[in-house]
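Engineer: For the sequence shown, the positions run 5 to 288 when the numbering used here is used.
C-beta atoms are modelled at their ideal positions from N, C-alpha and C, and glycine is treated no differently.
Every value quoted in this text rests on a predicted model; they were computed, and no experiment measured them.
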Amino acid sequence: MSARRLTLASILLIITLLIIVFTPVKKETSNKIIVAATIPPEKEFIEKIAGDKVQVIVMVPKGADPHTYEPNPETLEKLKNAKVYFEIGSGIEFEKKWMENIKSINPHILIVNCSEGIKLLPSSEGTDPHVWNSPKNAIKIVENIYTTLSKIDPSNKNYYERNKDRYVSELKKLDNEFSETLSHRKNKYILVYHPAWGYLCHDYGLKQIAIEKEGKEPNPETIKEIINEAKRYQIKTIFITPLTNKENSKVIAKEIGAKIIVIDPLAENYVENMYKVLEALKHE
Numbered sequence: 005m006s007a008r009r010l011t012l013a014s015i016l017l018i019i020t021l022l023i024i025v026f027t028p029v030k031k032e033t034s035n036k037i038i039v040a041a042t043i044p045p046e047k048e049f050i051e052k053i054a055g056d057k058v059q060v061i062v063m064v065p066k067g068a069d070p071h072t073y074e075p076n077p078e079t080l081e082k083l084k085n086a087k088v089y090f091e092i093g094s095g096i097e098f099e100k101k102w103m104e105n106i107k108s109i110n111p112h113i114l115i116v117n118c119s120e121g122i123k124l125l126p127s128s129e130g131t132d133p134h135v136w137n138s139p140k141n142a143i144k145i146v147e148n149i150y151t152t153l154s155k156i157d158p159s160n161k162n163y164y165e166r167n168k169d170r171y172v173s174e175l176k177k178l179d180n181e182f183s184e185t186l187s188h189r190k191n192k193y194i195l196v197y198h199p200a201w202g203y204l205c206h207d208y209g210l211k212q213i214a215i216e217k218e219g220k221e222p223n224p225e226t227i228k229e230i231i232n233e234a235k236r237y238q239i240k241t242i243f244i245t246p247l248t249n250k251e252n253s254k255v256i257a258k259e260i261g262a263k264i265i266v267i268d269p270l271a272e273n274y275v276e277n278m279y280k281v282l283e284a285l286k287h288e
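(1) For the beta strand (DSSP E) that residue 263 lies in, which residues bound it at each end?
(2) Could you check whether the region 194 to 214 touches the region 234 to 242, counting it as contact only if at least three pairs of C-beta atoms, one from each stretch, sit closer than 8 Å?
(3) On the premise that residue 52 lies in contact with residue 171, defined as a C-beta separation below 8 Å, what is that separation, rounded to the nearest angstrom?
(4) Quick one: Cα of residue 77 to Cα of residue 63, how far?
(5) Thinking C-alpha only, which one of 72, 104, 71 and 288 is nearest residue 83?
(6) Report the residue ranges of all beta strand (DSSP E) runs contained in full by the region 32 to 100; include only those spanning at least 3 residues, in chain order.
(7) Inspect the beta-carbon positions of residue 207 and residue 141 and report whether they are closer than 9 Å.
(8) I'd like to check one pair, residue 45 with residue 200: are the Cβ atoms closer than 9 Å?
(9) List the DSSP bridge partners of residue 214.
(10) For residue 59, which residues in the same chain have their Cβ closer than 6 Å to its Cβ, ignoring the five residues on either side in sequence?
(11) Using the three-state DSSP reduction, which class does residue 160 fall into: helix, strand or coil?
(12) Indicate the three-state DSSP secondary structure (helix, strand or coil) for residue 25 in the structure shown.
(13) Can you give me the Cβ contacts of residue 95 inside the same chain, cut-off strictly under 6 Å, excluding the 5 residues immediately before and after it?
(14) CB-CB under 7 Å to residue 6, same chain, minus the five flanking residues each way: which ones, in chain order?
(15) Are at least three pairs of beta-carbons, each pair with one atom in the region 150 to 166 and one in the region 178 to 187, less than 8 Å apart?
(16) By the DSSP assignment, the alpha helix (DSSP H) with residue 135 in it spans what residues?
(17) Sort 123, 97 and 117 by Cα distance to residue 150 and report the nearest one.
(18) Please report how far the alpha carbon of residue 293 lies from the alpha carbon of residue 92, in whole angstroms.
(19) Smallest Cα separation from residue 188: which of 143, 288 and 128?
(20) What separation, rounded to the nearest whole angstrom, lies between the Cα atoms of residue 25 and residue 120?
(21) Distance check for residue 277 and residue 139, CA to CA, integer angstroms please.
(22) Would you call the CB atoms of residue 57 and residue 160 closer than 9 Å?
(23) Note the first and the last residue of the continuous beta strand (DSSP E) segment covering residue 247.
(24) Output the distance between the C-alpha atoms of residue 254 and residue 260, rounded to the nearest integer angstrom.
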């Protein structure tokens with residue numbers, strides 16, 4: 005039955021893509037440059053540089069999971085008018101599954117790898133895709149976005165540069181505060197449900213213990229191992245995402261006497277969200 009459902013889903017996807025590809029492009033009347041991005045944090049990065057000179061299509065909207073999300077036909081149709089696609093480029097599941105389809109919908113779209121210049125960390129599934137969750141990497145991503153916007157719209161290069169410099173200053177301040185605050189943190193281990201904070205831990209001297217392994221929910225044996233490890237390192241906080249299985253988190257939290265803090269690694273308001281992360285990390 006599952007194979008049959010998969011086949012039907014594949015057929016529907018092919019039909020949808022064919023309809024979109026062969027539907028005439030509706031020309032936009034706005035003077036804004038239309039660009040696309042994979043996840044909500046990129047929207048802030050782009051708009052902080054380009055302001056109202058761009059319209060950003062976010063492929064994986066707020067509350068959706070990039071590992072499983074499938075865009076609706078309306079979103080795919082909008083891609084026909086996009087000039088640039090800012091891909092994360094770090095192996096995020098959505099891009100591995102959808103980039104070829106996106107290129108078929110808009111063969112002329114410029115694909116930009118926002119992770120250019122970032123050393124990707126290994127993970128059990130290949131590479132850790134969560135590059136944006138470190139302010140150090142966010143600075144590089146913003147620089148990559150700025151470079152592309154300046155090339156495709158050179159008449160506004162000075163405007164983009166001023167905005168980019170202002171935003172990078174914010175990110176550098178954030179980076180400095182992470183470095184200063186976390187250098188004084190005694191416990192270098194953090195317990196997370198989804199392993200979205202590998203780059204943050206790598207850059208600021210922490211070690212991430214993940215409850216979820218290879219995208220799978222923990223079995224009873226794994227939960228027992230996590231509980232023992234958390235007790236060994238005297239961990240008193242579990243960081244979960246809005247998409248996390250809260251029941252497993254509650255079981256572990258009860259066993260180790262920990263509180264649960266919800267932090268969204270995909271929040272659009274990037275700087276504000278990262279200060280929330282810093283505030284949560286400083287108290288253990």
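Structural biologist: This is what the structure gives:
(1) 263 to 266
(2) yes
(3) 4 Å
(4) 11 Å
(5) 104
(6) 37 to 41, 58 to 62 and 88 to 91
(7) yes
(8) no
(9) 196
(10) 36 and 38
(11) helix
(12) Because residue 25 carries a pLDDT of 49, less than 50, the predicted location of this residue cannot be relied on, and the following value inherits that uncertainty. The answer is helix: DSSP assigns residue 25 an H, G or I state.
(13) 130, 131 and 133
(14) Because residue 6 sits at a pLDDT of 48, beneath the cut-off of 50, its placement in the model cannot be relied upon, and the following sentence gives the value as read from the coordinates. Excluding positions up to five away in sequence, the list is empty.
(15) no
(16) No alpha helix (DSSP H) contains residue 135, which DSSP labels as neither H nor E.
(17) 117
(18) Because residue 293 is not part of the residues shown, which for the chain are 5 to 288, the question remains open.
(19) 288
(20) Residue confidence is low: residue 25 scores 49 on pLDDT, short of 50, so the model does not pin down where it sits. Its coordinate-derived value is still stated next. Approximately 29 Å between the Cα atoms of the pair.
(21) 11 Å
(22) yes
(23) Counting along the chain, residue 247 falls outside any beta strand (DSSP E), and DSSP gives it neither H nor E.
(24) 10 Å
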